Amino acid sequence: MTGIQDKQDIRKLTVDQLKGWMAEHGEKAFRAKQIYEWIWKKSSHSFAEMTNLSLPTRQLMDEHFVIHNMEVAKQQQSNDGTIKSAFRLFDGNLVEGVLIPATDRMTACVSSQVGCSLTCKFCATGYMDRKRNLEAGEIYDQVVAIARQAEGSFNAPLTNIVYMGMGEPLLNYTNVLKSIEHITSPEGLNMSPKRITVSTAGIAKMIKKLGDDEVRFRLALSLHAANDAKRNQIMPINESNSLDNLAEALNHFYRKTGNRITFEYIVFNNFNDTLQDAKELWEFTKRVPARVNIIEYNPIAEADFKNTEGDKLDKFAGFLDDRGVSVHVRRSRGKDIDAACGQLANKETA
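Counting from 1 along the sequence shown, just add 387 to a position and that's the residue number in my numbering.
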């Protein structure tokens, strides 16, 4: 008898690879498409559920393959309706995902890694070790679970997905793109790629690769400072991916995809919230076709940063708006349950 540790994760196979395996084991090739539909369209984690397969076929699949399951280890709901979930993976590791409800949309914020290796100074996940990358199926499962929360709690479908949870998506490039492929495929969840945003701390060569691969989803850069000296202080990745290099990579991405980039800019009190900082940001938007999301900071125990004062935030946004920058101030959601931007760290369940 094959032990579970010897079984192959069936979701790592392409449909053509599965067809080949079925043929080698005396099964009809079209069964692969049926299994693929159960896995990716119906989000099944059990071969026993695949009732259009014969019992011997189901037993054969169960003998050789596994579908790694994920469970909600803990769920919290904020006063503003935001739902944070700690997802326990098949190997016991935990990641967090968030449902952000709004009147006009339901957004899933998903993780791409267990922990993170980038050590951004303002982010709770950055103070964790990176344990491993998530598989495409594990990212997909977060989306499915959060979509069910949207339906169950708000009677509304999931409309948007942001890869802004734990981890750096571009350091898990292959699995992130595979997850998006299944999420957007008609044989999967059939979501529009234009409703998916992948956020990166800024890895120039991988941003260029996104352009070369002509991806259809949207890209956001966690910028937070528009001069290298300040950005180096809070984001060590900038030391090897300077703003000049990022501008070149982002313009390459824009030429290849036609998708305007979003700059995510957290305003820290007395650090990057002056009109001089706003001027530097404005100058950077002239180098790269971009819109700007100004984000309130959500304090974490590990860092001493504070959110900027309200009038400074308004002046900062107004400076950009007066100069024709497409700017949106994003208010924090889920702060009371540590579900807001930069707060995901598995505190309660680790």
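Cβ coordinates follow ideal geometry from the N, Cα and C atoms, glycine included.
Computed from a prediction, not measured in an experiment: that's the story for all the values here.
Using the rule of at least 16 other Cβ atoms within 10 Å of the residue's Cβ for burial, across every protein chain shown, is P544 buried or exposed?
Taking a 10 Å sphere around the C-beta of P544, we find fewer than 16 other C-beta atoms and assign the residue as exposed.
For K693, is the classification buried or exposed, using 16 other Cβ atoms within 10 angstroms of its Cβ as the cut-off for buried?
With fewer than 16 other Cβ atoms from the protein chains shown falling within 10 Å of its own Cβ, K693 counts as exposed.
In three-state DSSP terms, what is T444?
Here T444 sits in helix by DSSP.
Measuring only the C-alpha atoms, how far is A737 from F477?
Note that A737 scores a pLDDT of 42, beneath 50, so its modelled location is shaky; the value from the coordinates is reported in the next line. Taking the straight line joining both Cα atoms gives about 15 Å.
What would DSSP say about A473, mapped onto helix, strand or coil?
The answer is strand: DSSP assigns A473 an E or B state.
May I ask which residues mark the beginning and end of the beta strand (DSSP E) holding F434?
No beta strand (DSSP E) holds F434; DSSP gives it neither H nor E.
Give the DSSP-derived three-state secondary structure of Y423 in the structure shown.
Three-state result, Y423: helix.
Considering Cα atoms alone, identify which of D599, G484, T644 and S431 is closest to Q463.
When the alpha-carbon of Q463 is set against those of D599, G484, T644 and S431, the nearest one is in G484.
Does the contact criterion of 3 or more C-beta pairs under 8 Å hold for the segment 514 to 522 versus the segment 456 to 472?
Here the segment 514 to 522 does not lie against the segment 456 to 472, with fewer than 3 beta-carbon pairs under 8 Å apart.
L442 versus F434: straight-line alpha-carbon distance, rounded:
Between L442 and F434, the alpha-carbon positions lie close to 10 Å from each other.
Give the DSSP-derived three-state secondary structure of L597 in the structure shown.
Reduced to three states, the DSSP call for L597 is helix.
Among A634, R674, K673 and D691, nearest to N656 - alpha-carbon criterion:
With distances taken between Cα atoms, N656 lies closest to D691.
Could you check what DSSP says for I608 in three-state terms: helix, strand or coil?
Residue 608 is actually Leu in this sequence, not Ile. Three-state DSSP puts L608 in a strand.
With DSSP as the reference, please indicate the residues paired to R519 in a beta bridge.
When DSSP reads this structure, R519 sits in a beta bridge with V501.
If we call anything under 8 Å between Cβ atoms a contact, is T571 one with R605?
The answer is no: Cβ separation not under 8 Å.
Assuming V712 contacts T672 under a Cβ cut-off of 8 Å, what Cβ separation, rounded to an integer in Å, is found between them?
Contact flag correct, Cβ pair sits at about 5 Å.
Just the Cα atoms here: how many angstroms apart are K643 and T561?
About 19 Å.
Does the beta-carbon distance from A607 to S586 come in below 8 Å?
S586 sits close to A607, with the two beta carbons spaced by under 8 Å.
Skipping 5 residues on each side, what residues in its chain have a beta carbon closer than 8 Å to that of I724?
Its pLDDT being 48, under 50, I724 is placed unreliably in this model, and the value from its coordinates should be taken loosely. For I724, where only same-chain residues beyond five positions count, the Cβ hits under 8 Å are Q463, Q464, S465, T469 and K471.
Shortest alpha-carbon distance to E329 belongs to which of L707, E683 and E525?
Since the first residue of the chain shown is 388 and the last is 737, residue 329 is not available in this structure.
Against chain C, does D709 count as a neighbour if the rule is that its beta carbon must be under 8 Å from one of theirs?
In the structure shown, chain C cannot be found, because there is only a single protein chain.
Spatial neighbours of K592 in its chain, beta-carbon cut-off 8 Å, leaving aside the 5 residues before and after:
Around K592, the same chain offers A636 as residues with beta carbons nearer than 8 Å, after the five sequence neighbours per side are excluded.
Which listed residue (I621, I526, R475 and F452) has its alpha carbon closest to that of M551
Closest by alpha carbon: I526.
For M622, the nearest candidate out of V675, Y652, W425 and N646 (CA to CA):
Among V675, Y652, W425 and N646, the Cα nearest to that of M622 is on Y652.
Give the C-beta separation of K394 and H451 to the nearest angstrom, bearing in mind that I take them to be a contact with Cβ-Cβ under 8 Å.
About 6 Å separates the two Cβ atoms, so the contact holds.
Is it true that the CB of V679 sits closer than 8 Å to the CB of V742?
Residue 742 falls outside the range modelled here, since the chain spans only 388 to 737, and no answer is possible.
Option nearest C503 by Cα separation, candidates A688, M457, N559 and A534:
Taking only the C-alpha atoms, the option nearest C503 is N559.
Cα-Cα separation between M388 and D599, rounded to whole angstroms
Confidence at M388 is low in this model, with a pLDDT of 40, below 50, so the placement of that residue is unreliable and no value is reported for it.
Once DSSP output is grouped into helix, strand and coil, what is the label at L668?
Note: L668 maps to helix in three-state DSSP.
Return helix, strand or coil for I590, following the three-state DSSP convention.
Here I590 sits in coil by DSSP.
Buried versus exposed, by CB contacts within 10 Å (16 or more), P573:
So P573 counts as exposed.
Drop a sphere of 10 angstroms on the beta-carbon of G524, count the other beta-carbons inside from all chains shown, and report buried for 16 or more, exposed for fewer.
Buried, by the Cβ-count rule.
Is the Cβ-Cβ distance between V453 and N480 less than 8 Å?
Judged by beta-carbon spacing, N480 lies beyond the 8 Å limit of V453, meaning their Cβ atoms are not closer than that value.
From which residue to which residue does the beta strand (DSSP E) around A410 run?
Note, A410: premise wrong, no beta strand (DSSP E); alpha helix (DSSP H) at V402 to E411.
How far does the alpha helix (DSSP H) with R618 in it extend, from its first residue to its last?
Boundaries of the alpha helix (DSSP H) harbouring R618: D615 to I621, taken from the DSSP string.
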